[in-house]
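Residue numbers (my numbering): 5 to 348.
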């Protein structure tokens with residue numbers, strides 16, 4: 005499909021630079037498969053689902069994966085955004101000013117943190133080897149900042165508040181360099197209301213990579229290479245999801261990260277298998293969904309893989325209608341913005 009089919013004009017003032025407070029005060033556009041769009045709020049979620057449905061969250065934790073430094077022996081400034089862990093000391097990273105680096109160069113970051121540029125990869129990224137004996141997580145806490153999306157970081161400075169704001173209440177397992185932003189709307193109050201309504205909750209892990217921010221440069225979706233991310237669904241979670249669905253409950257992914265992993269693990273008969281490993285699933289219109297029955301998600305970038313994903317779930321015309329409505333009604337867009345509930 006032509007990538008331009010997923011384009012739309014978004015007024016810059018609708019890009020949210022800070023989240024609303026409290027988190028569950030965000031607006032939510034309810035998009036059913038048929039019928040009228042409904043302007044609701046995130047706290048309406050328990051009323052829009054039914055007892056026995058399952059909300060599936062991503063418990064990944066965002067690490068301070070944005071690093072600034074210089075090449076050793078010179079003044080060349082180097083920026084690094086970590087993308088995907090390779091082993092205990094190696095990370096694949098997207099590098100700013102990469103042309104000033106060659107394999108074997110040392111990069112000096114803040115706080116005495118250093119790394120060696122190793123392999124230059126086909127997609128333009130570099131593999132970095134972090135020197136020293138301390139765990140890389142300790143080094144990042146000392147030298148790194150939260151990797152806010154470019155559409156926020158380009159408009160204001162990243163600050164201490166972002167360390168709290170850009171982390172979900174479910175964050176537990178270190179490894180993401182972007183937040184599963186649909187979950188940013190949840191509070192303990194909302195979770196209690198969900199539990200009281202008989203709606204179930206399950207957790208999986210997908211470490212979101214920096215590739216989620218990369219633009220689609222191809223003109224046709226067939227020519228786009230999706231980035232890989234590591235995820236896990238335990239056998240126990242898979243069993244409970246299958247039991248809930250067999251009993252008539254719907255599987256509602258909270259965020260596109262949860263959805264992509266569920267679909268990666270789904271068998272042809274619609275059951276969820278345990279999963280551990282990389283996924284580079286690319287969902288575009290025409291895809292047959294097997295593992296999920298709905299999605300709660302924020303509003304996404306024009307011509308992005310995520311707009312293609314929601315268009316696959318609901319139909320392109322329906323999603324273009326929903327996005328036009330959201331813009332007309334001044335919904336807040338992107339990571340710190342408002343939400344939508346999509347039930348085909």
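Glycine residues also receive a C-beta, built at the ideal position from the N, C-alpha and C atoms.
Given the structure is predicted, the values throughout are model-derived calculations rather than measurements.
Let's see if you can read the secondary structure: which residues bound the beta strand (DSSP E) around residue i?
i: residue 74; result: 70–75
i: residue 344; result: 343–347
i: residue 44; result: 42–45
i: residue 110; result: 110–113
i: residue 62; result: 58–62
i: residue 31; result: 31–36
i: residue 132; result: 130–134
What residues in its chain sit with their C-beta under 7 Å from that of residue i, if we drop five residues either side in the sequence?
i: residue 25; result: none
i: residue 215; result: 87 and 231
i: residue 188; result: 23, 27 and 172
i: residue 178; result: 65, 67 and 141
i: residue 368; result: One cannot answer for residue 368 here, as it falls past the ends of the chain, which runs 5 to 348.
i: residue 193; result: 28
CB-CB under 6 Å to residue i, same chain, minus the five flanking residues each way: which ones, in chain order?
i: residue 113; result: 71, 73 and 147
i: residue 23; result: 169 and 340
i: residue 275; result: 246
i: residue 228; result: 220 and 222
i: residue 323; result: 314 and 315
Are the beta-carbon atoms belonging to residue i and residue j less than 9 Å from one another?
i: residue 302; j: residue 279; result: no
i: residue 97; j: residue 84; result: yes
i: residue 183; j: residue 66; result: yes
i: residue 140; j: residue 100; result: no
i: residue 255; j: residue 208; result: no
i: residue 265; j: residue 210; result: yes
i: residue 107; j: residue 118; result: no
i: residue 345; j: residue 52; result: yes
i: residue 234; j: residue 288; result: no
i: residue 6; j: residue 321; result: no
i: residue 64; j: residue 206; result: no
i: residue 239; j: residue 308; result: no
i: residue 82; j: residue 69; result: no
i: residue 295; j: residue 270; result: yes
i: residue 286; j: residue 317; result: no
i: residue 202; j: residue 54; result: yes
i: residue 331; j: residue 13; result: yes
i: residue 204; j: residue 242; result: no
i: residue 10; j: residue 312; result: yes
i: residue 335; j: residue 18; result: yes
In terms of residues, what are the limits of the alpha helix (DSSP H) holding residue i?
i: residue 330; result: 320–332
i: residue 198; result: 192–200
i: residue 93; result: First-last for residue 93: undefined, no H or E at that position.
i: residue 125; result: That residue, residue 125, is in no alpha helix (DSSP H); it is neither H nor E in DSSP.
i: residue 50; result: 49–52
i: residue 240; result: 239–250
To which residues of the same chain is residue i closer than 8 Å at the C-beta, ignoring the five residues directly before and after it?
i: residue 252; result: 56
i: residue 41; result: 33, 34, 35, 325, 326 and 329
i: residue 191; result: 26, 27, 28 and 173
i: residue 90; result: 96 and 131
i: residue 199; result: 205
Segment contact, 8 Å Cβ cut-off, at least three pairs: the region 256–272 with the region 58–75: With a cut-off of 8 Å on Cβ pairs, the region 256–272 is in contact with the region 58–75, counting three or more such pairs.
Sufficient close CB pairs (3 or more, under 8 Å) joining the region 47–56 to the region 24–35: The region 47–56, when compared against the region 24–35, does touch it at the 8 Å Cβ threshold.
Cβ pair count under 8 Å reaching 3, the region 166–182 against the region 122–136: no
In chain order, each beta strand (DSSP E) run of at least 3 residues that lies wholly inside the region 138–217: 177–180 and 204–211
Within the region 258–313, ranges of the alpha helix (DSSP H) (whole runs, at least 4 residues): 260–269
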